[in-house]
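Before any comments, here is the structure.
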Amino acid sequence: MNDLNALAVRELVERALREDIGAGDVTTEAICGPDQMGRAVIRAKEPCVVAGLPIVQAVFAALDAQIQFMPRVREGDQLFAGQALAELEGRLRAILTGERTALNILQRLSGIATLTARYVEAVRDFPVKILDTRKTAPGLRILDKYAVRVGGGQNHRLGLYDGVLIKTNHIRAAGGIAKAIERARRSVPPTLKIEVEVKNLHELQEALEARADIIMLDNMALEEMREAVKIVGGRALLEASGGVTLENVRQIAATGVDFISVGALTHSVKAIDMHLEVLAP
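The sequence shown begins at 55 in our numbering and counts up by one.
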């Protein structure tokens, strides 16, 4: 779990298990003896990029430290339908009680990694980076953004604390782009980049004159983006945002922008179909 905060993951896993188990897994406790041992396998039922194996291991370890979790693939591997990705051995109560929590996390994160990998592959011959956004599931941001990295994308801000992004409502509150950038520059450490959202070429020029470090081109047409790249001429980094799909992402990359942010990576993710099967003795 080198790429994740172990304490944060443990807290998230414990919270998820408490939510599911409550006062106890009445079905499993009725059917399985406390020391009944068994084996199980987790399989992908459709092609995917796998993400979340370390978190799945943490789920079962939280229930029973003696559970043996044996990955059969590596994080970020491309799997085929029916492929086994992990096996478990130990007390069946822990395996069955943790099944749904583990699968929920694994299916979601693998869905994010799979979609991210498709976007990254679509623009691999352009010098552009695919970014995520803060449109993540509440309470799951560190996992959602981790899955984006597994899929080959890059994280935008992790939260409101690690980057300045001046959006339309901030601009209105400040009374203009230049005033908003000036206030931000006076208030934040010089190590934080200042990014501002613009909706047209006039606002782009304002942001450029105010020395924004990064300028977000919000829902601009392709021709506007191409013109924006010419106007900026490398004096600021440019991020395309809004309305990005797998069908148009190559066209956007071809305009010459530096980054393309895709909210759909995390806010509209389709979970990968997977299942856990207890093996016959």
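C-beta atoms are modelled at their ideal positions from N, C-alpha and C, and glycine is treated no differently.
N- and C-terminal bounds of the beta strand (DSSP E) containing residue i
{"i": "D272", "result": "268–272"}
{"i": "L292", "result": "291–295"}
According to DSSP, residues forming a beta bridge with residue i
{"i": "P125", "result": "A140"}
{"i": "K183", "result": "F313"}
{"i": "I96", "result": "A140, L330"}
{"i": "E249", "result": "L219, I268"}
{"i": "V103", "result": "Q132"}
{"i": "M91", "result": "R145"}
{"i": "Q208", "result": "L185"}
Beta-carbon separation (whole angstroms), residue i vs residue j, contact threshold 8 Å
{"i": "V311", "j": "V182", "result": "6 Å"}
{"i": "D318", "j": "R162", "result": "Before going further, note that residue 318 is Ala rather than Asp in the sequence given. About 14 Å separates the two Cβ atoms, so there is no contact after all."}
{"i": "L107", "j": "I196", "result": "Not confirmed; about 16 Å, so no contact."}
{"i": "V104", "j": "V127", "result": "6 Å"}
Cutoff 7 Å; reference residue i; Cβ partners in own chain excluding five residues on either side
{"i": "G206", "result": "T170, A171, V174"}
{"i": "T151", "result": "I75, D79, T82, L117"}
Residue from the options with nearest C-alpha to residue i
{"i": "N254", "options": "P108, N273, R240", "result": "N273"}
{"i": "N209", "options": "G229, E281, A60, R188", "result": "R188"}
{"i": "V177", "options": "T320, I314, S322", "result": "I314"}
{"i": "G136", "options": "T151, G130, C102, R203", "result": "C102"}
{"i": "S241", "options": "P125, D89, V218", "result": "V218"}
{"i": "R211", "options": "T81, T168, I248", "result": "I248"}
{"i": "V286", "options": "I109, S295, E260, E301", "result": "E260"}
{"i": "V252", "options": "E278, P243, L333", "result": "E278"}
{"i": "P125", "options": "D118, L160, Y200", "result": "L160"}
{"i": "L291", "options": "E257, H224, R265, T299", "result": "R265"}
Spatial neighbours of residue i in its chain, beta-carbon cut-off 6 Å, leaving aside the 5 residues before and after
{"i": "E143", "result": "R93, Q122"}
{"i": "H321", "result": "K189"}
{"i": "H224", "result": "A234"}
Neighbourhood of residue i by C-beta, 8 Å cutoff - its chain only, sequence neighbours within 5 removed
{"i": "H329", "result": "I96, R97, K99, L157"}
{"i": "E281", "result": "L255"}
{"i": "E83", "result": "R147"}
{"i": "K199", "result": "D186, T190, N209, L212, T320"}
Cβ-heavy atom distance, residue i to the ligand GTP, below 7 Å
{"i": "V127", "result": "No copy of the ligand GTP appears in this structure; indeed no ligand is present at all."}
Extent of the continuous alpha helix (DSSP H) run through residue i
{"i": "L157", "result": "146–176"}
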